[in-house]
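Count along the sequence shown from 1, add 42, and you get the number used in this note's numbering.
One structure is given below, encoded as structure tokens.
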Amino acid sequence: MDEIIKEIISQKLRKRGAQYNLSENSKLVNVDFTYTSQMSSKIYQHGKKIWPEMAGRPVFNRFAKKVGELVRLDEEHELGQLRIGYGNSSALKGFRWNKKRTFSGLVPWQTEILYDEGQGAVLLKIIDDKLWSFSSLDKRISSLCIRYHALKVPFELEDEIDFIYSGELQVFPGKEPPAKETMFPTSDWDNCLIIVTGVVRCRLWHADGKDDYLSNSQAFMAADILEVFRIRDGKLMKDVVRESTHVQKPTPEGGTEWV
Numbered sequence: 043m044d045e046i047i048k049e050i051i052s053q054k055l056r057k058r059g060a061q062y063n064l065s066e067n068s069k070l071v072n073v074d075f076t077y078t079s080q081m082s083s084k085i086y087q088h089g090k091k092i093w094p095e096m097a098g099r100p101v102f103n104r105f106a107k108k109v110g111e112l113v114r115l116d117e118e119h120e121l122g123q124l125r126i127g128y129g130n131s132s133a134l135k136g137f138r139w140n141k142k143r144t145f146s147g148l149v150p151w152q153t154e155i156l157y158d159e160g161q162g163a164v165l166l167k168i169i170d171d172k173l174w175s176f177s178s179l180d181k182r183i184s185s186l187c188i189r190y191h192a193l194k195v196p197f198e199l200e201d202e203i204d205f206i207y208s209g210e211l212q213v214f215p216g217k218e219p220p221a222k223e224t225m226f227p228t229s230d231w232d233n234c235l236i237i238v239t240g241v242v243r244c245r246l247w248h249a250d251g252k253d254d255y256l257s258n259s260q261a262f263m264a265a266d267i268l269e270v271f272r273i274r275d276g277k278l279m280k281d282v283v284r285e286s287t288h289v290q291k292p293t294p295e296g297g298t299e300w301v
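Spelled out as structure tokens, the structure:
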């Protein structure tokens, strides 16, 4: 009987996980982690719908890590209230959905991407008219199909994302692109990040060389984040780049070693 009573008392004294006293910092860190995970998923799911061939768990993990960096760069909020959009936004710039290919490795020009605060618009311009040749690309590629996407990512989870994209540019070997400029009207996008992604897919020749088709292989597509803008209260926020102190190391006698 005594053993039964002891067991009943023991069960009543056991605490559920949520009842354990965690340190205040641990609780706050968990809140920020939850925000980061949900924000990462929200953005990732949008991309997954548009270019599913370049999606996957490893991609999400890489992307969530970048969003985590962005959240931790918040310079205004306390722990437990961290948000994207309140620190340097460059952590997302250059993110590649497909590690096998890069946008710049397939597209033969540079894209100038600017935010016009007066118009409330994102301006895109092809600034390098270098003609594309077969010399650096697979001979099976017949043309490139290119789009630019702008994604509105509000700072708060309860606000809905929005997006706009360009018409498709189909570019043939040795030919200039059929158009050079486009504009994304975003005047009603506020208190958000604007993520601009360049997406390219290749059309390949069939073996007979007569007809072509749009490839679904990751070897012939890319989606890279080319630019990120932070908009708060209708204003474009500038990223502050902090330069690290460079420590000059002495050069070894005979120079540095090859490895």
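Every residue gets a Cβ at the ideal spot worked out from N, C-alpha and C, and that includes glycine.
Report task. Classify residue 76 as buried or exposed, calling it buried when 16 or more other Cβ atoms lie within 10 Å of its own Cβ. Result -> Locating residue 76 in the sequence shown gives position 34, counting from the first residue. Per the 10 Å Cβ criterion, exposed.
Query raised in the report: DSSP three-state call for residue 111: helix, strand or coil?
Result: Indexing the sequence shown from 1 puts residue 111 at position 69. Here residue 111 sits in helix by DSSP.
Query - Neighbourhood of residue 79 by C-beta distance below 7 Å, restricted to the same chain and skipping five residues each side - result: For the purposes of this step, residue 79 is taken as residue 37 along the sequence shown, with counting starting at 1. So the list reads 106, once near-sequence residues are dropped.
Report task. Leaving aside the five residues before and after residue 153 along the sequence, list all residues of the same chain whose C-beta is less than 8 Å from its C-beta, in chain order. Result -> Taking the sequence shown and counting its residues from 1, one reaches residue 153 at position 111. Closer than 8 Å at the Cβ level, and outside the excluded window around residue 153, lie 166, 167, 168, 169, 190, 240, 268.
Query raised in the report: Taking one C-beta from the region 182-200 and one from the region 231-247 each time, how about it: are there three or more such pairs within less than 8 Å?
Result: yes
Requested in this report: Compute the Euclidean distance between the alpha carbons of residue 134 and residue 141, then round it to the nearest angstrom.
Outcome: For this step, residue 134 is matched to residue 92 along the sequence shown. For this step, residue 141 is matched to residue 99 along the sequence shown. The straight-line gap from Cα to Cα measures roughly 15 Å.
Query raised in the report: Closest to residue 183 by CA distance: which of 136, 222, 221, 242 is it?
Result: By 1-based counting over the sequence shown, the position of residue 183 is 141. Comparing Cα positions, the closest option is 242.
Requested in this report: State the Cα-Cα distance for the pair residue 70 and residue 124, rounded to the nearest angstrom.
Outcome: Reading the sequence shown from its first residue, position 28 is the one you call residue 70. Reading the sequence shown from its first residue, position 82 is the one you call residue 124. Their Cα atoms are separated by approximately 10 Å.
Query raised in the report: How is the alpha helix (DSSP H) around residue 85 delimited, first residue to last?
Result: Position 43 of the sequence shown, counted from the first residue, corresponds to residue 85. Unbroken alpha helix (DSSP H) run through residue 85: 66-92.
Requested in this report: Kindly indicate which residue of 85, 225, 246 has the alpha-carbon position closest to the one of residue 209.
Outcome: Taking the first residue of the sequence shown as 1, we reach residue 209 at position 167. For residue 209, the nearest C-alpha among the options comes from 225.
Query - residue 114, buried or exposed, once every other Cβ within 10 Å from all chains shown has been counted against 16 - result: Here the question's residue 114 lines up with position 72 in the sequence shown. The residue is exposed, with fewer than 16 neighbouring Cβ atoms inside 10 Å.
Query - Those residues which DSSP pairs with residue 167 across a bridge - result: Position 125 of the sequence shown, counting from 1, holds the residue named residue 167. 154, 223, per the DSSP bridge assignment.
Query raised in the report: So, helix, strand or coil for residue 208, using DSSP?
Result: Position 166 of the sequence shown, counted from the first residue, corresponds to residue 208. Coil at residue 208, not helix or strand.
Query - Helix, strand or coil at residue 264 [DSSP, three-state] - result: Here residue 264 corresponds to residue number 222 of the sequence shown, with the count starting at 1. Residue 264 falls in the strand class under three-state DSSP.
Query - Endpoints, the beta strand (DSSP E) within which residue 184 is located - result: Taking the first residue of the sequence shown as position 1, residue 184 is located at position 142. That run of the beta strand (DSSP E) goes 183-196.
Report task. Could you give the DSSP three-state label for residue 62: helix, strand or coil? Result -> Residue mapping note: residue 62 aligns to position 20 of the sequence shown, counting from 1. Residue placement at residue 62 is flagged as unreliable, the pLDDT there being 44, under the threshold of 50; a coordinate-derived value is accordingly withheld.
**Report entry** Residue nearest to residue 112 in terms of C-alpha spacing, selected from 137, 264, 164, 218
**Finding:** As a first step, residue 112 must be located in the sequence shown, where it is residue number 70. Nearest of 137, 264, 164, 218 to residue 112, Cα basis: 137.
Query raised in the report: What is the rounded straight-line gap between the Cα of residue 281 and the Cα of residue 129?
Result: Along the sequence shown, read from residue 1 onward, the residue named residue 281 stands at position 239. Along the sequence shown, read from residue 1 onward, the residue named residue 129 stands at position 87. Straight-line Cα distance between these residues: approximately 7 Å.
Query raised in the report: For residue 95, does the three-state DSSP call read helix, strand or coil?
Result: Position 53 of the sequence shown holds residue 95. If DSSP states are grouped into helix, strand and coil, residue 95 belongs with the helices.
**Report entry** Through-space distance from residue 159 to residue 104, alpha-carbon basis
**Finding:** Here residue 104 refers to the residue found at position 62 when the sequence shown is read from its first residue. Here residue 159 refers to the residue found at position 117 when the sequence shown is read from its first residue. Taking the straight line joining both Cα atoms gives about 31 Å.
Query raised in the report: Any beta-carbon of chain D closer than 8 Å to the one on residue 277?
Result: The structure shown contains no chain D, having only a single protein chain.
Report task. Check the C-beta distance from residue 188 over to residue 164 and give it rounded, since I have them as a contact under 8 Å. Result -> Sequence index remark: in the sequence shown, residue 188 carries index 146 (1-based). Sequence index remark: in the sequence shown, residue 164 carries index 122 (1-based). No, residue 188 and residue 164 are not in contact; Cβ-Cβ is about 16 Å, not under 8 Å.
Query - Neighbourhood of residue 86 by C-beta, 6 Å cutoff - its chain only, sequence neighbours within 5 removed - result: Here residue 86 is taken as the residue at index 44 of the sequence shown, counted from 1. Taken in chain order, the residues that qualify are 102, 105.
Query raised in the report: What do you get for residue 249, buried or exposed, if any count of 16 or more other CB atoms within 10 angstroms of its CB means buried?
Result: Working through the sequence shown from its first residue, we reach residue 249 at position 207. Per the 10 Å Cβ criterion, exposed.
Query raised in the report: In terms of DSSP beta bridges, what is residue 240 paired with?
Result: Translated into positions along the sequence shown, residue 240 becomes position 198. Looking at the DSSP assignment, residue 240 forms a beta bridge with 190, 266.
Query raised in the report: Between 132, 275, 245, which lies nearest to residue 264 when the distance is taken from Cα to Cα?
Result: Along the sequence shown, read from residue 1 onward, the residue named residue 264 stands at position 222. Nearest of 132, 275, 245 to residue 264, Cα basis: 245.
Query raised in the report: Of all the options 221, 272, 262, 200, which has the alpha carbon lying nearest to the alpha carbon of residue 139?
Result: Residue mapping note: residue 139 aligns to position 97 of the sequence shown, counting from 1. Ranking 221, 272, 262, 200 by Cα distance to residue 139 puts 262 first.
Query - Buried/exposed call for residue 147, threshold 16 Cβ in 10 Å - result: For the purposes of this step, residue 147 is taken as residue 105 along the sequence shown, with counting starting at 1. By the neighbour-count rule (16 or more Cβ atoms within 10 Å), residue 147 is not buried but exposed.
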